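Asks: The structure is given below, and queries will be raised subsequently.
2 protein chains.
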Amino acid sequence: MSKPKIRNMEEFAAFSGISRPTVSKYFHDPDSVRASTKERIEMAIAQCDYRPNIFAINQNRKLTKNVGIVVPYLADPFFAEIARRIETLVIAGGFRPITLSSHGDPALEVANLASLRSIKPAGVLLAPLGRASNRTAIEEFCADVPTVNFDSNIEGVGTAFVGHNNTQATSVMLEYLIRSGEPPVFFEMKTPPNPNANKRRNAYIETMERLGHTPHIVHAEGEGWEMEEIGYRCGKQALISKQFATNTVFCSNDRLAIGFLVAAYELGLRVGLGEGCAMRVAGHDNHPFSRFTCPTLTTVSHNYALIAASGVEMILKVIESGVPDPHRKTTLFDGELIMRASA
Amino acid sequence: MSKPKIRNMEEFAAFSGISRPTVSKYFHDPDSVRASTKERIEMAIAQCDYRPNIFAINQNRKLTKNVGIVVPYLADPFFAEIARRIETLVIAGGFRPITLSSHGDPALEVANLASLRSIKPAGVLLAPLGRASNRTAIEEFCADVPTVNFDSNIEGVGTAFVGHNNTQATSVMLEYLIRSGEPPVFFEMKTPPNPNANKRRNAYIETMERLGHTPHIVHAEGEGWEMEEIGYRCGKQALISKQFATNTVFCSNDRLAIGFLVAAYELGLRVGLGEGCAMRVAGHDNHPFSRFTCPTLTTVSHNYALIAASGVEMILKVIESGVPDPHRKTTLFDGELIMRASA
DNA sequence: CTAAAATATTTACGCGTGTAAAATTAAGGC
DNA sequence: GCCTTAATTTTACACGCGTAAATATTTTAG
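Sequence lines, in order, name chains Y and S.
Residue numbers in the first sequence follow the working numbering, run continuously in steps of one, and reach 343 at the last position.
Residue numbers in the second sequence follow the working numbering, run continuously in steps of one, and reach 343 at the last position.
Below, the structure is given as structure tokens:
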């Protein structure tokens with residue numbers, strides 16, 4: 001009932017009986033003040049729920065408690081999922097996450113970085129668009145703001161890169177597919193927006209050759225991030241015109257595979273590895289929806305948990321140390337084969 | 001090369017040859033200054049890319065340019081899609097969108113509102129969790145901050161509600177299903193997190209009775225937002241134990257339907273409306289993934305575009321007028337039947 | 001060309017907090 | 001109980017911009 005309205009830290013300090021600078025220190029780090037002082041302040045907070053004004057706080061701090069998170073396309077559940085994990089970890093680390101999506105647009109990516117710059121983030125976790133990114137703009141940003149690059153590697157960008165071991169993951173899947181049936185044809189976009197795709201293609205070619213098989217690649221036309229649509233349309237064409245040299249298709253990513261499975265379904269091709277199946281399909285990413293395709297999609301999982309944890313750990317370390325690691329470190333986490341019904 | 005480093009508005013004003021108050025006025029509204037002045041300022045901006053400090057700006061303005069957007073679960077592509085549209089419109093309106101996800105957690109929803117409150121948003125677009133929401137906390141928030149409620153209606157919350165006409169949409173789909181085959185059984189969660197589900201169930205019962213059919217409802221057990229999983233698990237059980245009175249199933253939402261289709265697929269039940277099909281399945285929402293199910297999902301679409309546009313328009317109107325409309329207005333947009341292969 | 005209207009400048013203060021330096025007080029060990 | 005050390009208070013200024021009032025300048029209308 002009698003909730004005293006506190007307008008600023010001055011009034012709150014008076015109310016709690018502690019001096020304002022000490023109160024300020026408390027809000028910066030509650031454990032930096034004496035235990036008895038901390039207790040008194042917290043009692044006062046309980047009585048009048050005062051919160052310091054964020055704008056005033058950040059105006060004078062050289063280092064804010066903001067951590068930016070930029071992803072290329074938040075409407076893609078893959079990025080939504082990893083952003084969600086990162087957000088949770090950033091909050092646990094005592095920082096304030098601000099997630100921005102570039103919606104697949106390089107101009108918006110640049111705008112997002114500009115927007116972040118204006119809130120002086122302590123650090124940024126950046127998953128760039130990739131091929132389409134404005135490299136210069138990103139480099140300029142990283143020169144000013146501590147940045148950890150994740151998911152999609154742009155050489156030299158940020159103080160570190162943490163991501164998925166595309167090479168290992170591709171060969172794990174390949175080895176499985178080859179020992180359990182025909183060697184797969186690789187199905188990918190002709191001009192993929194994401195640089196991971198190149199790693200995967202190269203790993204496919206190398207591993208196939210190492211295992212004594214001839215690589216076959218089918219390219220899907222189409223630009224942008226509508227990968228299910230591209231996988232469906234081009235997959236259907238390729239199936240109809242019998243472009244696949246074997247009965248097994250390894251899609252460059254799960255979203256292509258999701259569209260491809262629809263194409264196969266509509267053509268009456270039974271997908272799976274049992275009797276009476278016409279072909280096998282595998283994906284890559286363990287996309288949240290890969291559990292709900294028909295049939296469920298065999299794929300290689302990113303280590304979401306470790307990638308998120310490691311990325312957050314790295315950016316927090318850079319923030320605390322104050323100086324970015326002089327040598328850019330690349331950390332890759334191995335993928336895990338997720339065996340389901342499609343291959 | 002010679003990019004002068006401008007540290008604040010003072011320096012920028014000196015650089016551009018205009019006084020600081022006028023520059024300040026320009027950034028508040030570029031058209032409030034003389035055309036020639038505007039041009040000079042914009043020339044200077046092009047030369048040194050200065051941007052006013054957001055924290056300092058917002059500290060003194062009674063009305064910030066921030067607009068909060070809160071959705072219950074951003075990893076759900078449905079909300080990702082509508083959030084994306086809203087963001088775009090908010091930016092076009094000259095405001096700064098800040099999107100937060102409650103990740104299905106009522107405590108995080110409250111935390112998000114607290115977080116928004118501290119950045120003094122001019123207005124907020126809120127899609128609450130629904131049943132799980134902390135009603136008191138939300139009401140307190142809405143009393144202080146202009147809020148437009150969308151997607152999920154909580155009576156009395158916010159100055160307006162804009163959403164989907166569940167009643168109309170349900171009956172449109174029902175009429176279609178009935179005239180093209182057997183009357184459908186309604187498949188829904190026993191304790192749905194979202195209040196739209198109740199509207200849909202009631203509309204189903206009413207419309208069925210109006211059209212002279214007996215309503216049948218199958219309830220899926222399970223809590224939370226993992227609706228595909230629930231639709232799959234419970235759908236499979238219900239199919240095996242033959243709980244469906246007719247060959248047509250109308251799922252309460254697309255995510256349930258997506259899981260249900262996987263169950264039907266695994267049981268070897270051919271879904272669709274042609275010859276040789278064992279059953280029909282329909283959904284509700286036109287979820288981004290409903291185009292890529294097997295078979296593609298017949299559903300009722302939200303009017304994403306109008307809901308987003310109307311919600312943004314309303315909150316901007318409240319912001320500009322300064323006073324919230326005294327009588328809470330509810331605006332519903334009709335759904336559109338999306339005919340695909342599943343029904 | 002002149003007066004009225006519109007716009008820009010000057011000056012000055014306020015916002016709520018960070019933070020540094022010096023002075024004071026409290027806590028802990030012997 | 002005294003001394004050392006750590007924590008707190010006092011004082012004072014800074015941050016970057018909003019904004020008001022008075023004044024000066026430019027633009028527009030007649």
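By construction, the Cβ of each residue, glycine as well, lies at the ideal position given by its N, Cα and C atoms.
Quick caveat: nothing in here was measured; it's all calculated off a predicted structure.
Which residues, in order along the stretch 115-134 of chain Y, keep a beta-carbon less than 7 Å from a beta-carbon of chain S?
Replies: 118, 119
Asks: So with CB distances below 8 Å, who are the chain Y contacts of residue 84 of chain S?
Replies: 74, 75, 101, 103
Asks: At 8 Å on the CB atoms, spell out the chain S contacts of residue 58 of chain Y, in chain order.
Replies: 55
Asks: Within 10 angstroms of its Cβ, does residue 77 of chain S collect 16 or more other Cβ (buried), or is it exposed?
Replies: buried
Asks: Mind listing, in chain order, the continuous beta strand (DSSP E) runs of no fewer than 3 residues lying wholly within the stretch 214-295 of chain Y?
Replies: 217-220, 248-251, 280-282
Asks: On the CB-based measure, 16 or more other CB atoms within 10 Å of its CB, does residue 362 of chain S come out buried or exposed?
Replies: There is simply no residue 362 of chain S to check, as chain S begins at 1 and stops at 343 in what is shown.
Asks: Taking C-beta to C-beta, are residue 86 of chain Y and residue 312 of chain Y nearer than 8 Å?
Replies: Going by beta carbons, residue 86 of chain Y and residue 312 of chain Y fall inside the 8 Å limit.
Asks: Rounding to the nearest angstrom, what Cα-Cα distance links residue 189 of chain S and residue 139 of chain S in this structure?
Replies: 27 Å
Asks: How would you call residue 68 of chain S, buried or exposed, if buried means at least 16 neighbouring beta carbons within 10 angstroms?
Replies: buried
Asks: Indicate whether at least one CB of chain S lies closer than 8 Å to the CB of residue 68 of chain Y.
Replies: No, no contact with chain S.
Asks: Give the single residue among Y/199, Y/9, Y/125, Y/209 whose Cα lies nearest to the Cα of residue 284 of chain Y.
Replies: Y/199
Asks: For the stretch 249-278 of chain Y, enumerate the residues whose C-beta is nearer than 8 Å to any C-beta of chain S, in chain order.
Replies: 258, 259, 261, 262, 265, 266: these are the residues of the stretch 249-278 of chain Y whose beta carbon lies less than 8 Å from some beta carbon of chain S, given in chain order.
Asks: Mind pulling the beta strand (DSSP E) runs of 3 or more residues that sit fully within the stretch 81-119 of chain S?
Replies: 96-101
Asks: Are the CB atoms of residue 343 of chain Y and residue 291 of chain Y nearer to each other than 8 Å?
Replies: Result no, Cβ atoms of residue 343 of chain Y and residue 291 of chain Y do not sit closer than 8 Å.
Asks: For residue 301 of chain S, which of helix, strand or coil comes out of DSSP?
Replies: Secondary structure of residue 301 of chain S (DSSP, three-state): strand.
Asks: Who are the neighbours of residue 289 of chain S on chain Y, taking C-beta pairs under 7 Å?
Replies: Correct list: 289.
Asks: So is residue 144 of chain S buried or exposed if we call it buried at 16+ other beta carbons inside 10 Å?
Replies: exposed
Asks: When you compare only the Cα positions, how much space is there between residue 269 of chain S and residue 236 of chain S?
Replies: If I take the Cα positions, the gap works out to 11 Å.
Asks: Which residue spans inside the stretch 168-197 of chain S form an unbroken beta strand (DSSP E) run of at least 3?
Replies: If only complete runs of 3 or more residues are kept, the stretch 168-197 of chain S shows the beta strand (DSSP E) at 185-189, in order along the chain.
Asks: Between Y/27, Y/248, Y/16, which has its C-alpha nearest residue 43 of chain Y's C-alpha?
Replies: Y/16
Asks: Is there a Cβ from chain S that is less than 8 Å from the Cβ of residue 344 of chain Y?
Replies: This structure cannot settle anything about residue 344 of chain Y, because the visible part of chain Y is limited to 1 through 343.
Asks: Quick one: residues in its chain with C-beta nearer than 7 Å to the C-beta of residue 168 of chain Y, no 5 flanking neighbours on either side, listed in chain order?
Replies: 334, 335
Asks: Please report the straight-line C-alpha distance between residue 58 of chain S and residue 119 of chain S, rounded to a whole angstrom.
Replies: Rounded to the nearest angstrom, the two C-alpha atoms are 8 Å apart.
Asks: Which one or two residues does DSSP pair with residue 38 of chain S in a beta bridge?
Replies: None; residue 38 of chain S has no bridge partner.
Asks: Measure the C-alpha to C-alpha separation of residue 24 of chain Y and residue 129 of chain Y and round it to an integer number of angstroms.
Replies: The C-alpha of residue 24 of chain Y lies about 40 Å from the C-alpha of residue 129 of chain Y.
Asks: Look up residue 64 of chain S in the DSSP assignment and say whether it is helix, strand or coil.
Replies: coil
Asks: Determine the closest residue to residue 174 of chain S out of S/231, S/255, S/223, S/250, with distance taken between C-alpha atoms.
Replies: S/250
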